Amino acid sequence: MTARIFKPAKNAMQSGRAKTQEWQLDYEPEQPRAIEPLMGWTSSSDMKQQLTLRFDTKEDAIAYCERKGIAYQVIEPKDSARRPAAYADNFAFKRVEPWTH
């Protein structure tokens, strides 16, 4: 049983950064998923895939894994490059391309 400790990425469907400040612990799947023959749904008997733990700090998550004897892998977050933009930049004289609809 191996666990991944990481900071979740920003949701692509929203502009906010909710639920991205906490560290998350997910378990790696122990068994592959199988297609259920009757309905054709993908299923798994591995219940740890459904478990997600959240921690305030990376050190808390690591301490939890060490206390419980769980092998873990820490994935460091990548910093996002934020580009400042203003609505007025659409009409600036230094704009290379002409503004059009």
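Number 5 in full-length UniProt numbering belongs to position 5 of the sequence shown; there are no gaps in the numbering.
For each residue, glycine too, the CB sits at the ideal point set by N, CA and C.
Keep in mind the model is a prediction, meaning the values are calculated, not measured.
Distance CB(residue i)-CB(residue j) smaller than 7 Å
i, j, result
"S44", "R33", "yes"
"Y27", "A3", "yes"
"E36", "D46", "no"
Supposed close pair residue i, residue j - CB separation, criterion 8 Å
i, j, result
"I5", "K58", "7 Å"
Of the listed residues the options, nearest to residue i (C-alpha basis)
i, options, result
"D56", "Y64, W23, E30, A9", "W23"
"R17", "R82, M39, E66", "R82"
"Q21", "K68, P77, Q73", "P77"
"K19", "M39, F93, T52, T42", "T52"
"M1", "Q14, G40, K68", "K68"
Cβ-based burial, residue i [other Cβ within 10 Å; buried from 16]
i, result
"L25", "buried"
"A12", "exposed"
"A61", "buried"
**Prompt:** Enumerated in chain order, which unbroken segments of the beta strand (DSSP E) with a length of 3 residues or greater are wholly contained in the UniProt region "Disordered" (1 to 23)?
**Reply:** 2 to 6
**Asked** Along the chain, which unbroken stretches of the alpha helix (DSSP H) at least 4 residues long are found entirely within the stretch 31 to 98?
**Response** 58 to 68
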